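Chains Y and Z, in that order, give the protein sequences. Per the numbering used here, the very first residue in the first sequence carries number 341; after that it's consecutive. Per the numbering used here, the very first residue in the second sequence carries number 1025; after that it's consecutive. Ideal Cβ placement from N, Cα and C applies to all residues, glycine included. It should be emphasised that the depicted structure is a prediction, and the values quoted were computed from it without experimental measurement. A short worksheet on the structure shown next.
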Amino acid sequence: DTGVSQDPRHKITKRGQNVTFRCDPISEHNRLYWYRQTLGQGPEFLTYFQNEAQLEKSRLLSDRFSAERPKGSFSTLEIQRTEQGDSAMYLCASSPGDLAFFGQGTRLTVV
Amino acid sequence: GQSLEQPSEVTAVEGAIVQINCTYQTSGFYGLSWYQQHDGGAPTFLSYNALDGLEETGRFSSFLSRSDSYGYLLLQELQMKDSASYFCAVDQAGTALIFGKGTTLSVSS
């Protein structure tokens, strides 16, 4: 399978714990995006990488969220001190330029 | 800032034609794309317009008017499997791909 893969697919965590998600993009794609999606809403932009450089981060993103893309390959998204409001589907997408290919997402539930 | 507006819901019957509109306000516009998302699934790419006019891909077509900051997705010969959410998204120059809130399409027999 050469698509975008995300791990884990599901994560249940207690409020206050830290969580980390991984995204493996399509190998030749230089752009990588992280989005958050809640029920009935569109994907909400979180952050964007061009190769290993994080070029943009949403102003809605608190400092509890951090993302990395070492060596321009896979990426990780970490949420520290999780809150119930962080419960959502976290989607990763990679792009060669014009269009994005999404992974299946990581569904986070904070209890 | 940037914003995209699309209807929240559209209903239609099998075999019909439906048009989903999208208006946008953004800077550094490169193009408008459309994605389909079934319940529980990931968004999948349908179509992309960088230039004015109509792009046709099978039963789906997409239109863009840059001067009007407007586009639409046209779905023909609707099938039950087309029931899904449809999102327009703006590709901004060198920055993020920004999505609308989506249109839920319900196709009935």
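| Check | Outcome |
| --- | --- |
| Contacts that residue 1055 of chain Z makes with chain Y (C-beta to C-beta distance below 8 Å) | 438 |
| Runs of beta strand (DSSP E) lying entirely within the region 1083-1127 of chain Z, each at least 3 residues, in chain order | 1084-1089, 1094-1099, 1108-1116, 1121-1123 |
| Beta strand (DSSP E) runs contained entirely in the region 369-422 of chain Y, provided each spans 3 or more residues | 371-377, 384-390, 393-397, 405-408, 415-419 |
| Reduced DSSP category for residue 424 of chain Y - H, G, I as helix; E, B as strand; rest coil | helix |
| Run of the beta strand (DSSP E) containing residue 1060 of chain Z, from where it starts to where it stops | 1053-1061 |
| Contact set between the region 1067-1080 of chain Z and chain Y, restricted to residues whose Cβ is under 8 Å from the partner | 1067, 1068, 1069, 1072, 1074 |
| Residue-level contact to chain Z via CB, residue 348 of chain Y, 8 Å cutoff | no |
| Neighbour-count burial assignment, residue 352 of chain Y, 16 or more Cβ in a 10 Å radius | exposed |
| Chain Z contact for residue 412 of chain Y (CB, 8 Å cutoff) | no |
| Helix, strand or coil at residue 347 of chain Y according to DSSP, with G and I counted as helix | strand |
| Beta carbon proximity, residue 392 of chain Y to chain Z, threshold 8 Å | no |
| Where the beta strand (DSSP E) containing residue 1034 of chain Z begins and where it ends | 1033-1037 |
| At least three beta-carbon pairs within less than 8 Å, the region 1072-1089 of chain Z to the region 410-422 of chain Y | no |
| Nearest candidate by alpha-carbon position, reference residue 1111 of chain Z, set Z:1071, Z:1120, Z:1132, Z:1081 | Z:1071 |
| Residue 380 of chain Y beta carbon less than 8 Å from that of residue 1124 of chain Z | no |
| At least three beta-carbon pairs within less than 8 Å, the region 1044-1053 of chain Z to the region 409-416 of chain Y | no |
| Near the ligand FMN: residue 1042 of chain Z beta-carbon under 7 Å from a heavy atom | For the structure depicted, the ligand FMN is absent and the ligand set is empty, with no information on it obtainable. |
| Per-residue burial, residue 1131 of chain Z [other beta carbons within 10 Å of its own, 16 or more giving buried] | buried |
| Beta-carbon proximity list for residue 401 of chain Y, same chain, < 8 Å, skipping 5 on both sides | 386, 387 |
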